[in-house]
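Enquirer:
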């Protein structure tokens, strides 16, 4: 085991709302211990918990929080509870990696291509994704599960997500945009260059 491998093996990431460990997480978490937290017990999470209640967990435990396409499933007034929970469980040098639909880009795409709510934006492994699926949640999954927590209850632009992060004590962010998705890396303290490189990032800021 190399020194880098040893360093990674001692790190732990909390995967919030990840559904199942069978779903891959980013490669930069390779070698980390993953704790899966989800409100739905069907995916056999390590922790069954509503992400609005993360403050009930022990503080300063995790090196990272990974939250992919989950934050939009909470009402806007509950988003600060979730983000503050991320801050609560993270170590001082930890970071949160958050992925959400890019509603600003969606609006532009719909306008430029004159799309309807029922028009297909792209094909996914789960089937065609329509405009309304990005706005309101993936319809087939909501119908199949019978659970309304799979519905989207808010949305984000890069600007609104950065504002929400700053209001929850994440003063440093890197924002990336691609394929109707916002990827935000949020830090409790200014990250070292080495940490940014390990995440494939170059600098703090946003496009």
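In the numbering used here, the protein residues as written are 10 to 216. A virtual CB, placed ideally from N, CA and C, is assigned to each residue, including glycine.
#1: Return the CA-CA distance between residue 199 and residue 191, expressed in angstroms with no decimal places.
#2: Within the same chain, show all residues whose beta-carbon is closer than 6 Å to that of residue 5, passing over the 5 residues directly before and after it, in chain order.
#3: Specify the secondary structure class of residue 164 as computed by DSSP and reduced to three states.
#4: Could you work out which residue in 111, 148, 20 is closest to residue 77 when comparing CA atoms only?
#5: Do you know offhand how far residue 33's Cα is from residue 129's?
#6: Give the straight-line distance between the Cα atoms of residue 45 and residue 156, rounded to the nearest whole angstrom.
#7: When the distance is taken between beta carbons, is residue 135 closer than 8 Å to residue 97?
#8: Kindly identify the DSSP beta-bridge partner or partners of residue 24.
#9: Taking the alpha carbon of residue 108 as the reference point, which residue from 80, 206, 61 has its own alpha carbon closest?
#10: Could I get the ranges of all uninterrupted beta strand (DSSP E) runs contained in the stretch 99 to 162, with 3 residues as the minimum, in chain order?
#11: Classify residue 27 as buried or exposed, calling it buried when 16 or more other Cβ atoms lie within 10 Å of its own Cβ.
#12: Given a cut-off of 8 Å, decide if residue 160 and residue 82 are closer than it, judged by their beta-carbon atoms.
#13: What's the call for residue 12, buried or exposed, on a 16-neighbour Cβ count within 10 Å?
#14: If you draw a straight line from the C-alpha of residue 57 to the C-alpha of residue 127, how long is it?
#15: Measure the C-alpha to C-alpha separation of residue 124 and residue 118 and round it to an integer number of angstroms.
#16: Just to confirm before moving on: does the CB-CB distance between residue 103 and residue 197 stay below 8 Å?
#17: Considering just the uninterrupted stretch of the alpha helix (DSSP H) at residue 206, what are its terminal residues?
#18: Taking only three categories from DSSP, how would you classify residue 31?
#19: In terms of residue numbering, what span does the beta strand (DSSP E) encompassing residue 194 cover?
Expert: Taking the structure as given:
#1: On the chain shown, position 190 is the one that residue 199 refers to. On the chain shown, position 182 is the one that residue 191 refers to. For residue 199 and residue 191, the gap between their C-alpha atoms comes out near 21 Å.
#2: No answer is possible for residue 5: the residues shown for the chain start at 10 and end at 216.
#3: Looking up residue 164 in the chain shown gives position 155. Three-state DSSP puts residue 164 in coil, outside helix and strand.
#4: The residue labelled residue 77 in the question sits at position 68 within the chain shown. Ranking 111, 148, 20 by Cα distance to residue 77 puts 111 first.
#5: The residue labelled residue 33 in the question sits at position 24 within the chain shown. The residue labelled residue 129 in the question sits at position 120 within the chain shown. Their backbone Cα atoms lie some 25 Å apart in a straight line.
#6: Taking the first residue of the chain shown as position 1, residue 45 is located at position 36. Taking the first residue of the chain shown as position 1, residue 156 is located at position 147. Between residue 45 and residue 156, the alpha-carbon positions lie close to 19 Å from each other.
#7: Within the chain shown, the letter at position 88 stands for residue 97. Within the chain shown, the letter at position 126 stands for residue 135. Note that the C-beta distance between residue 97 and residue 135 is not below 8 Å.
#8: Sequence index remark: in the chain shown, residue 24 carries index 15 (1-based). For residue 24, DSSP records a beta bridge to 45, 75.
#9: Taking the first residue of the chain shown as position 1, residue 108 is located at position 99. Among 80, 206, 61, the Cα nearest to that of residue 108 is on 80.
#10: If we require 3 residues or more, the beta strand (DSSP E) runs fully inside the stretch 99 to 162 come out as 99 to 110, 129 to 133, 136 to 139.
#11: Your numbering for residue 27 matches position 18 in the chain shown. Residue 27 should be labelled buried.
#12: In the chain shown, the residue the question calls residue 82 occupies position 73. In the chain shown, the residue the question calls residue 160 occupies position 151. Contact check for residue 82 against residue 160 passes: the beta carbons are separated by less than 8 Å.
#13: Counted from its first residue, the chain shown places residue 12 at position 3. Here residue 12 scores only 42 on pLDDT, less than 50, and its place in the model should not be relied on; the value that follows carries that caveat. Flag for residue 12 reads exposed.
#14: Your numbering for residue 57 matches position 48 in the chain shown. Your numbering for residue 127 matches position 118 in the chain shown. One C-alpha to the other measures close to 34 Å.
#15: In the chain shown, counting from the first residue as 1, residue 124 sits at position 115. In the chain shown, counting from the first residue as 1, residue 118 sits at position 109. Residue 124 and residue 118 have their alpha carbons spaced roughly 8 Å apart.
#16: Residue 103 sits at position 94 when you count from the first residue of the chain shown. Residue 197 sits at position 188 when you count from the first residue of the chain shown. In contact: residue 103 and residue 197 (Cβ atoms closer than 8 Å).
#17: The residue you call residue 206 lines up with position 197 of the chain shown. Looking at the DSSP string, the run of the alpha helix (DSSP H) that includes residue 206 is 202 to 207.
#18: What you label residue 31 is simply residue 22 of the chain shown in a count that begins at 1. In the structure shown, residue 31 sits in coil (DSSP, three-state: anything other than H, G, I, E or B).
#19: The sequence position of residue 194 within the chain shown is 185, counting from 1. Bounds of the beta strand (DSSP E) holding residue 194 are 190 to 196.
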